[in-house]
Structures are given as C-alpha cells and as structure tokens.
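Notes for the one structure printed next.
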Amino acid sequence: MTDFDAGTEFDRQVRTLVDLAYPALAGMTEAAFRGLLEPLREPVLARATAMEPPAEGRVPFLIVVTRALVPLAEAVPLTRLAGRSKPGVIERFYAPGELERFVPLQELALPDGAAYVVFDVERGEEFCGAVPLNALMTVAERNRTPLTIEEGLALVGQYPEALAKNKCFSLAGSRSGDRRVPALWISKGAPKLGWCWEGNPHTWLGMASAGARGQ
Numbered sequence: 002m003t004d005f006d007a008g009t010e011f012d013r014q015v016r017t018l019v020d021l022a023y024p025a026l027a028g029m030t031e032a033a034f035r036g037l038l039e040p041l042r043e044p045v046l047a048r049a050t051a052m053e054p055p056a057e058g059r060v061p062f063l064i065v066v067t068r069a070l071v072p073l074a075e076a077v078p079l080t081r082l083a084g085r086s087k088p089g090v091i092e093r094f095y096a097p098g099e100l101e102r103f104v105p106l107q108e109l110a111l112p113d114g115a116a117y118v119v120f121d122v123e124r125g126e127e128f129c130g131a132v133p134l135n136a137l138m139t140v141a142e143r144n145r146t147p148l149t150i151e152e153g154l155a156l157v158g159q160y161p162e163a164l165a166k167n168k169c170f171s172l173a174g175s176r177s178g179d180r181r182v183p184a185l186w187i188s189k190g191a192p193k194l195g196w197c198w199e200g201n202p203h204t205w206l207g208m209a210s211a212g213a214r215g216q
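Heads up: take any position in the sequence shown, counting from 1, add 1, and you land on our numbering.
Right, here's the structure in full:
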C-alpha cells in the first residue's frame, strides 16, 4: 500500500482552501482562517493509522467549510473539473434564494462550528442507476450517511477528478423537506449543482456518503 501521511494531506487541503480564496470570502485574514482550521488536525491525526490513501472515488477525509463561513452561491464557482478551468455553476432550477433552504438533515448530527472534518468519503458510483431512496437505505444499512452539499463541494474542491463522466453523485444529506435531492454533475465542462427527484434513477448519478464526522 502506498504511504499516506495524514498531516501532510491536512496541510495540502488547508493550502488548497487558501489558494481558492476561502479566507477572503469568509471575511477573514489568512492567518485567522488557518487558525480556525488548525484544531481539526487533532481528530484527523487521531484516525491516521486507520486511513488508506486516496483512491478513485474514495478519500480518507475532507476539511468541510460550511455556509456559515462561505455562502453556497460563492462556494460553487470555486469548483473545477480535473484539468478544466470553467467554474462550477448552480442549476437554474433553483429559484433565487431557494438553494439555502436545502439544509443538512438533523439526524446527521453535524459537528458544531463553521468547519469540521468528514471521514471515509465515497462518491458512490456503485449506486449509478439506482433509485436514490433505495441507495439511501443501503447506505444506512452500512452505518454510513449521505454527504451534504458542503461536503460534496469539499470533495470536488479538493479532488476535482472525483467528479467524472458517468460518475456524478447525489448529496442527499441536504434536503428542503420535499422529494428533491441535491446532486453534483457535469455540464458544459464544469461542475453543476442541481437536484433530482428521490424516486428517479439516473445511470450517471450515484450516492455519495461518509463513514463519520468530527471536529
């Protein structure tokens, strides 16, 4: 197995967020932003011995910056596809102000605070072609939980290659109280945040999930 250093990866993810201008969008200095994220190093290192290196469609952990720091409308354009330069876009099906009503499910019990870590992340391409509701049942049976919108943006932000043709993914950890399920897919050479119905399968859309979260 390839060597993997969790501390080095943590530093890389912080640097990526800084390079993407997250501090400025959060109204913070770079030093203050780095200081906010630094306590997250401890829970990452506590799990380091059990982590496997990133692989196609799966990563050991992600630093998640929530909308409390950077609004979704500003975070989506920070995403890119691997080797591409076009910024991510929001599907026009979201009416003005509607996206913010898609919030994390209470049962996920997300860590408090404006940033946290999500562990053992899978984009879930095995669920391509499955009905989202059925995929969610399988995810739950495995003691895993669906990713939120912010967690999905973190995945593509840190690992652009995770969003690939016919390997896009739903983010069912964020809902608005109806049958719509947010999802990230590819449109015109860029990531697009849209939604699909919970009962409608798509051959190119899986179900992203996580093993745990921490702060």
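All C-beta atoms, glycine included, are put in the ideal place defined by N, C-alpha and C.
Rounded straight-line distance, which links the Cα of residue j to that of residue i
| i | j | result |
| --- | --- | --- |
| H203 | K189 | 18 Å |
| P105 | P147 | 10 Å |
| L185 | A110 | 23 Å |
| G130 | G207 | 7 Å |
| V182 | D12 | 32 Å |
| A163 | R16 | 19 Å |
| E225 | R93 | The shown model of the chain, from 2 to 216, leaves out residue 225, and the question about it has no answer. |
| A69 | S175 | 15 Å |
| E75 | F5 | 32 Å |
| V140 | T50 | 24 Å |
| A211 | L156 | 11 Å |
| Y95 | F103 | 10 Å |
| F170 | E127 | 10 Å |
| E101 | L38 | 24 Å |
| A173 | R48 | 25 Å |
| I187 | T30 | 33 Å |
Same chain, Cβ closer than 6 Å to residue i, neighbours up to 5 away in sequence not counted
| i | result |
| --- | --- |
| G215 | P44, V118 |
| V77 | G89, I91, L194 |
| A213 | F120 |
| R85 | G190 |
| W198 | R180 |
Cβ-Cβ separation, residue j to residue i (assumed contact under 8 Å), whole Å
| i | j | result |
| --- | --- | --- |
| A116 | T67 | 7 Å |
| N167 | W196 | Not confirmed; about 19 Å, so no contact. |
| E73 | I150 | Note that residue 73 is Leu in the sequence shown, not Glu. The pair is a contact, with the Cβ atoms about 6 Å apart (cut-off 8 Å). |
Where residue i falls, given that 16 or more other Cβ within 10 Å makes a residue buried
| i | result |
| --- | --- |
| G8 | exposed |
| M138 | exposed |
| Q107 | exposed |
| A209 | buried |
| P226 | Lying before the first or after the last residue shown, residue 226 is absent from the chain, which here runs from 2 to 216. |
| G125 | buried |
| T80 | buried |
| G153 | buried |
| E57 | exposed |
| A136 | buried |
| G178 | exposed |
| R145 | buried |
| E10 | buried |
Test item: CB-CB of residue i and residue j under 8 Å
| i | j | result |
| --- | --- | --- |
| L41 | I64 | yes |
| G158 | L21 | yes |
Own chain partners of residue i with C-beta closer than 8 Å, once the 5 adjacent residues on each side are dropped
| i | result |
| --- | --- |
| G200 | V132, P133, L134, R180 |
| Y160 | P55, V60 |
| F34 | L18, V19, Y23, P24, A27 |
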